[in-house]
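Participant: Quick one: structure below, then a few questions.
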Amino acid sequence: MSYVITGTPGVGKHTIAKEISKKLGLPIIDINKIAHEFELIEVNDQTNDVDVNKLKNLIKKKISSPGLFVGHLAPYVLSANQIKKAIVLRKNPYDLISIYKERKYPNEKIKDNLGSEVLGIILQDAVTRFGAKNILQIDATDISIEKITKRIIDSFTVETKWDDVDWLGLVTKKNDLKEFFSY
């Protein structure tokens with residue numbers, strides 16, 4: 089049984105996974121690296137498409153010992169019987185804009201990722217795949233790496249309450265839906 093750190097790009101998954109790995113001695117299993125290594129990514133226009141079925145089968149065959157899975161594709165390539173707990177990191181979408189621009193994401197990719205974060209797509213898909221009792225949602229906006237890491241590690245042994253995240257309400261209140269969605 090493994091642990092999972094997931095969320096939209098830019099929320100801090102890899103940074104937090106490195107800290108947890110150091111503290112618990114769990115190997116990091118980077119889902120994106122596996123997809124690249126086995127050439128399961130196809131570049132189309134401004135996006136990268138992953139053959140999640142092939143990736144899912146590959147992970148099932150190749151990964152036999154517990155670890156710390158990290159990646160936004162986790163809910164699509166792992167199953168509930170492979171994980172003990174999934175952490176879904178969330179971040180204020182207004183903060184993600186600068187992260188995506190710094191990474192030089194194309195505008196279409198920026199909107200896709202922002203829309204996903206605003207709507208909580210990865211959270212919903214993780215809950216559907218892993219079950220709500222196996223999920224912890226953490227708002228990683230303006231919280232130190234140390235505090236997030238401690239909270240996650242504590243959640244492995246103690247029941248922990250989810251953070252309340254409503255980016256859609258925030259964006260709607262600011263009348264910014266067009267900033268995050270193409271319509």
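Per my numbering, the very first residue in the sequence shown carries number 89; after that it's consecutive.
Yeah, the Cβ is synthetic: ideal placement off N, Cα and C, and Gly gets one too.
1. So isoleucine 116 and serine 109 are in contact, right, with Cβ under 8 Å, and what is the actual spacing, rounded?
2. Tell me which same chain residues have a C-beta within less than 6 Å of the C-beta of isoleucine 175, skipping the five on either side of it?
3. Only counting runs of 4 or more residues, tell me where the alpha helix (DSSP H) segments fall wholly within the segment 152 to 231, in order along the chain.
4. In chain order, what residues of the same chain lie with their CB nearer than 8 Å to the CB of isoleucine 233, ignoring the 5 residues before and after it?
5. Are glycine 203 and phenylalanine 268 closer than 9 Å when you measure CB to CB?
6. Is threonine 229 near the ligand GDP, going by C-beta to nearest heavy atom under 8 Å?
7. I need the boundaries of the beta strand (DSSP E) containing valine 92, first residue and last residue.
8. Under a CB-based cut-off of 9 Å, is isoleucine 104 close to chain D?
9. Could you check whether phenylalanine 218 and isoleucine 171 sit closer than 9 Å to each other, using their CB atoms as the reference points?
10. Are leucine 146 and leucine 128 touching if we call contact CB-CB under 9 Å?
11. Check each candidate in Ser270, Gly98, Trp255 and Lys142 and name the one with the smallest Cα separation from valine 165.
12. Measure the CB-CB distance between lysine 179 and glutamate 196 and report whether it falls below 9 Å.
13. Counting only the same chain and skipping the five closest in sequence on each side, list residues whose C-beta sits under 7 Å from that of aspartate 227.
14. Assuming alanine 214 contacts proline 163 (C-beta within less than 8 Å), just tell me the rounded distance between them.
15. So what does glutamate 234 bridge to, in DSSP terms?
16. Tell me, please, which residues DSSP counts as bridged to aspartate 118.
Facilitator: According to the structure data:
1. That pair is a contact at about 5 Å.
2. In chain order, Ile93, Leu224 and Ile240 place their CB closer than 6 Å to the CB of isoleucine 175, counting only its own chain and leaving out the 5 sequence neighbours on each side.
3. Runs of alpha helix (DSSP H) with 4 or more residues, each lying fully within the segment 152 to 231, are found at 162 to 165, 181 to 190, 195 to 207 and 209 to 218, listed in chain order.
4. These residues qualify, in order along the chain: Gly100, Thr103, Ile104 and Glu107.
5. Here glycine 203 is near phenylalanine 268, since their CB atoms are less than 9 Å apart.
6. Ligands displayed in this structure: none; no statement on the ligand GDP is therefore possible.
7. Element bounds for valine 92: 90 to 94.
8. Reference to chain D is not applicable here, since this structure consists of a single protein chain.
9. Taking 9 Å as the cut-off, the Cβ atoms of isoleucine 171 and phenylalanine 218 count as close.
10. Cβ atoms of leucine 146 and leucine 128: closer than 9 Å.
11. Closest option to valine 165, Cα to Cα, is Lys142.
12. Result no, Cβ atoms of lysine 179 and glutamate 196 do not sit closer than 9 Å.
13. Annotation for aspartate 227: Arg178, Asp251 and Val253 place their beta carbon closer than 7 Å to its own, counting only its chain and skipping 5 residues before and after.
14. The C-beta distance from alanine 214 to proline 163 rounds to 4 Å, short enough to fall under 8 Å.
15. The partner list for glutamate 234 (beta bridge, DSSP) is empty, contrary to what the question assumes.
16. According to DSSP, aspartate 118 bridges with Val158.
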